[in-house]
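Here is the structure we will look at, set down as structure tokens.
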Amino acid sequence: GAGVSQTPSNKVTEKGKYVELRCDPISGHTALYWYRQSLGQGPEFLIYFQGTGAADDSGLPNDRFFAVRPEGSVSTLKIQRTERGDSAVYLCASRRDPGEGAPEAFFGQGTRLTVV
Amino acid sequence: AQSVSQHNHHVILSEAASLELGCNYSYGGTVNLFWYVQYPGQHLQLLLKYFSGDPLVKGIKGFEAEFIKSKFSFNLRKPSVQWSDTAEYFCAVIARSGGYNKLIFGAGTRLAVHP
Chain A
1 GAGVSQTPSN KVTEKGKYVE LRCDPISGHT ALYWYRQSLG QGPEFLIYFQ GTGAADDSGL
61 PNDRFFAVRP EGSVSTLKIQ RTERGDSAVY LCASRRDPGE GAPEAFFGQG TRLTVV
Chain B
1001 AQSVSQHNHH VILSEAASLE LGCNYSYGGT VNLFWYVQYP GQHLQLLLKY FSGDPLVKGI
1061 KGFEAEFIKS KFSFNLRKPS VQWSDTAEYF CAVIARSGGY NKLIFGAGTR LAVHP
């Protein structure tokens, strides 16, 4: 596609429910990142995929958070037993195969998650 | 672990004033450095990046940044700001090591430019 697409753009859920957030990266980009951004903060790293595998998931806050990228393209961030503190904008970014030239990361518009 | 520090959380300037936003990172190896901008209601966009070579890099809209390796810094500058530069600015770093490409952001600087 032309850019990184994230769906839904807004999600309101009740505390304790399960949610899935989807990211459709730019076609051919092998690297995919998930971030969480709270009001007044910078993007907080959650997880980074290189192809299908999670190269680094050290930013996932706890075991309620999980992400997959089964075919090396679309990724889904899954949050179980949501809590009010999970409310934030969840950002996805993709980069072409990292190599020479420092390819930039392209960001989606984000999913605004509100847990009530 | 790598980290990025941005010194100013809020900056208020008048149009035509000069801008410098500080950014320091912690990582001893090879890095790629980026400045991203987020205009109100829009997604993050790249302003400029440093990969190698000339430590003074020029980006879009008259912005530039200087990589000073000895100071672990990558400060963003613009000689004369405009009202349309009102936005939030984020410094980011990738520590390059054996194909490892974790992209880490600073907390951001919110810039308000008054006419």
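Read top to bottom, the protein sequences are chains A and B. Residue numbers for the first sequence follow the numbering used here, so the first one is 1 and each next one is one higher. Residue numbers for the second sequence follow the numbering used here, so the first one is 1001 and each next one is one higher. Note that the Cβ used here is the ideal one computed from N, Cα and C, for glycine as well.
Problem - Reduced DSSP category for A/G108 - H, G, I as helix; E, B as strand; rest coil - result: coil
Practice task
Have a look at A/D97 and A/F65 and give me their C-alpha separation to the nearest angstrom.
Solution key: Per the coordinates, the alpha-carbon of A/D97 lies some 26 Å from the alpha-carbon of A/F65.
Exercise for the section: Quick one: measure Cβ to Cβ for A/E104 and B/L1046, integer angstroms, because I've assumed they're closer than 8 Å. Expected result: With 8 Å as the limit, A/E104 and B/L1046 qualify as a contact, their Cβ atoms being about 5 Å apart.
Problem - the stretch 1014-1032 of chain B contacting the stretch 1078-1085 of chain B, beta-carbon criterion three pairs below 8 Å - result: yes
Handout entry: Three-way DSSP call (helix, strand, coil) for A/I26 in this model
Key = A/I26 carries a coil assignment under DSSP once its states are collapsed to helix, strand and coil.
Practice task
Go to B/K1058, then tell me how far its beta strand (DSSP E) extends in each direction, as first and last residue.
Solution key: L1056 to K1058
Problem - For A/K15, three-class secondary structure by DSSP - result: Correct three-state label for A/K15: coil.
Exercise for the section: For B/H1114, collect the residues of the same chain with a Cβ closer than 8 Å to its Cβ; drop the 5 residues on either side in sequence, then sort them by chain order. Expected result: Correct list, in chain order: I1012, L1013, S1014, E1015 and W1083.
Handout entry: Short-range partners of chain B found in the stretch 54-70 of chain A, where Cβ spacing is below 9 Å
Key = A55, D56, S58 and G59
Practice task
Output yes or no for whether 9 Å exceeds the beta carbon distance between A/Q6 and A/T114.
Solution key: no
Handout entry: Three-state secondary structure assigned by DSSP to A/S9
Key = Judged by DSSP in its simplified three-state form, A/S9 adopts coil rather than helix or strand.
Practice task
For B/K1069, collect the residues of the same chain with a Cβ closer than 6 Å to its Cβ; drop the 5 residues on either side in sequence, then sort them by chain order.
Solution key: none
Handout entry: Member of B/R1077, B/L1076, B/I1060 and B/P1055 whose CA lies at the smallest distance from the CA of B/F1067
Key = B/P1055
Exercise for the section: Quick one: grab the DSSP three-state call for B/S1073. Expected result: strand
Handout entry: Counted within 10 angstroms of its Cβ, other Cβ atoms place A/T82 as buried (16 or more) or exposed
Key = buried
Problem - The beta strand (DSSP E) enclosing B/Q1006, as first and last residue numbers - result: S1003 to Q1006
Exercise for the section: State the CB to CB distance for the pair B/H1009 and B/T1109, rounded to an integer number of angstroms; the pair is presumed to be in contact (CB under 8 Å). Expected result: 6 Å
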